[in-house]
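The block underneath contains the structure these notes are about, expressed in C-alpha coordinates.
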Amino acid sequence: FVTALRYLENRIKLFMALPFDQLDVMALRAHVREIGQGEGASNRRGDAA
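Plus 158 on top of the position in the sequence shown (first one is 1) and you've got the numbering used here.
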(Lines of atoms letter the chains of each structure in order from A; the text may use other names.)
(Lines give C-alpha, C1' and ligand atoms only; values in the text may rest on other atoms or scores of the structure.)
Protein backbone atom coordinates (compact mmCIF):
# COMPACT_ATOMS: atom_id res chain seq x y z
CA PHE A 159 0.00 0.00 0.00
CA VAL A 160 2.83 2.40 0.82
CA THR A 161 4.33 1.91 -2.63
CA ALA A 162 1.00 2.61 -4.35
CA LEU A 163 0.56 5.73 -2.23
CA ARG A 164 4.04 6.93 -3.23
CA TYR A 165 3.26 6.39 -6.93
CA LEU A 166 0.00 8.30 -6.59
CA GLU A 167 1.65 11.14 -4.69
CA ASN A 168 4.39 11.44 -7.32
CA ARG A 169 1.84 11.54 -10.14
CA ILE A 170 -0.20 14.22 -8.41
CA LYS A 171 2.92 16.32 -7.85
CA LEU A 172 3.94 15.98 -11.51
CA PHE A 173 0.42 16.89 -12.64
CA MET A 174 0.21 19.93 -10.37
CA ALA A 175 3.61 21.13 -11.62
CA LEU A 176 2.42 21.31 -15.24
CA PRO A 177 2.30 24.86 -16.63
CA PHE A 178 -1.39 24.69 -17.64
CA ASP A 179 -1.51 28.29 -18.84
CA GLN A 180 1.39 27.63 -21.25
CA LEU A 181 0.24 24.33 -22.76
CA ASP A 182 -2.19 23.73 -25.57
CA VAL A 183 -4.57 20.78 -25.41
CA MET A 184 -2.33 18.42 -27.38
CA ALA A 185 0.74 19.20 -25.26
CA LEU A 186 -1.28 18.80 -22.08
CA ARG A 187 -2.55 15.40 -23.25
CA ALA A 188 0.99 14.30 -24.03
CA HIS A 189 2.22 15.33 -20.60
CA VAL A 190 -0.67 13.62 -18.82
CA ARG A 191 -0.11 10.45 -20.85
CA GLU A 192 3.57 10.53 -19.95
CA ILE A 193 2.75 10.92 -16.26
CA GLY A 194 0.33 8.00 -16.53
CA GLN A 195 2.97 5.74 -18.03
CA GLY A 196 5.50 6.41 -15.28
CA GLU A 197 6.76 4.09 -12.59
CA GLY A 198 3.98 2.00 -11.10
CA ALA A 199 1.73 2.21 -14.14
CA SER A 200 -0.47 -0.76 -14.86
CA ASN A 201 -0.48 -2.35 -18.28
CA ARG A 202 -3.73 -1.46 -20.07
CA ARG A 203 -3.33 -4.03 -22.86
CA GLY A 204 -3.22 -7.03 -20.57
CA ASP A 205 0.02 -8.36 -22.04
CA ALA A 206 2.05 -8.05 -18.84
CA ALA A 207 4.19 -10.97 -17.75
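Note that CB positions come from ideal geometry on N, CA and C, so glycine has one too.
Distance, residue j Cα to residue i Cα
i      : j      : result
ALA188 : GLU167 : 20 Å
LYS171 : TYR165 : 10 Å
VAL183 : GLY196 : 20 Å
VAL160 : SER200 : 16 Å
Cβ neighbours of residue i in the same chain (closer than 6 Å, five flanking residues each side left out)
i      : result
ARG169 : ILE193
GLY198 : TYR165
Beta-carbon spacing of residue i, residue j below 8 Å
i      : j      : result
LEU176 : LEU163 : no
First and last residue of the uninterrupted alpha helix (DSSP H) at residue i
i      : result
ALA199 : Premise fails: ALA199 is in no alpha helix (DSSP H) and is neither H nor E.
8 Å Cβ shell around residue i - same chain, five flanking residues per side excluded
i      : result
PHE178 : LEU186
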